[in-house]
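Quick note: the sequence shown uses the numbering used here, first residue 4, plus one each step.
Every residue gets a Cβ at the ideal spot worked out from N, C-alpha and C, and that includes glycine.
Since we're looking at a predicted model, the values are computed, not measured.
Structure, as structure tokens:
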Amino acid sequence: MPRTVTKSFKQGELAVYPAHGVGTIVGVESRKVAGANQHFYMLKILDTEATIMVPIDSAAAVGLRKITKKSMLPKIYAVLKNKNDIIMDNQTWNRRYREYTDKIKSGCVMEIARVMRDLYLLKFDKELSFGERRMLDTAKGLLVKELSIARNTKEEKVEEELLRIMQG
Numbered sequence: 004m005p006r007t008v009t010k011s012f013k014q015g016e017l018a019v020y021p022a023h024g025v026g027t028i029v030g031v032e033s034r035k036v037a038g039a040n041q042h043f044y045m046l047k048i049l050d051t052e053a054t055i056m057v058p059i060d061s062a063a064a065v066g067l068r069k070i071t072k073k074s075m076l077p078k079i080y081a082v083l084k085n086k087n088d089i090i091m092d093n094q095t096w097n098r099r100y101r102e103y104t105d106k107i108k109s110g111c112v113m114e115i116a117r118v119m120r121d122l123y124l125l126k127f128d129k130e131l132s133f134g135e136r137r138m139l140d141t142a143k144g145l146l147v148k149e150l151s152i153a154r155n156t157k158e159e160k161v162e163e164e165l166l167r168i169m170q171g
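Take a look at the structure:
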């Protein structure tokens, strides 16, 4: 008996895929995997034009999610403003890098905001390694893209606002 596929996303809908950012669901395809038919969302990432196949059955488990709602913005801004929960211990850069990589890979917008804030502020205490600078750029890019879509605002304006919030 054919299985019914439960879909959370429709074609044309925007979704966020961890560590890759915002993409458009361009369709659903079926492929035979290990002898069984599997259904996949075809997600085209906006920034890179890469197409990612996300198994529909495990879309939530791999972190595919809807764009952050506007109602979450004050909480995200609060994370960026809050300088009290920053972990500024004397961790080695590679330990920090692994921790931040895990946060970005989680796809959680709050964790990405924390990475951006921590690295942004850390650069005033010490020179960031090349990897940390790239990670700061990645976190900023992911956050700016998603928030600009959530707010229906230009990315440049969102980036300026985020930097202003962290400087305040």
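Worksheet item: Which residues mark the beginning and the end of the alpha helix (DSSP H) in which R34 is found?
Response: As a working note, residue 34 is residue 31 in the sequence shown. Per DSSP, R34 belongs to no alpha helix (DSSP H); it is in the beta strand (DSSP E), G24 to V36.
Worksheet item: Between the segment 40-57 and the segment 115-131, do three or more beta carbon pairs fall short of 8 Å?
Response: no
Practice prompt. Determine the DSSP secondary structure at V8, reduced to helix, strand or coil.
Written response: Your numbering for residue 8 matches position 5 in the sequence shown. Below a pLDDT of 50, predicted positions are generally treated as unreliable, and V8, at 43, falls in that range; no measurement from the model is reported.
Worksheet item: Roughly how many angstroms separate the alpha carbons of V19 and T141, rounded to a whole number?
Response: Taking the first residue of the sequence shown as 1, we reach residue 19 at position 16. Taking the first residue of the sequence shown as 1, we reach residue 141 at position 138. Rounded to whole angstroms, V19 to T141 spans 14 Å at the Cα level.
Practice prompt. Buried or exposed for V147, please, with buried defined as at least 16 other CB atoms from any protein chain shown within 10 angstroms of its CB.
Written response: Taking the sequence shown and counting its residues from 1, the one referred to as residue 147 is at position 144. Buried: at least 16 other Cβ atoms inside 10 Å.
Discussion item. Is it buried or exposed, E102, if we count other Cβ atoms within 10 angstroms and call 16 or more buried?
Written reply: Within the sequence shown, the letter at position 99 stands for residue 102. Label assigned to E102: exposed.
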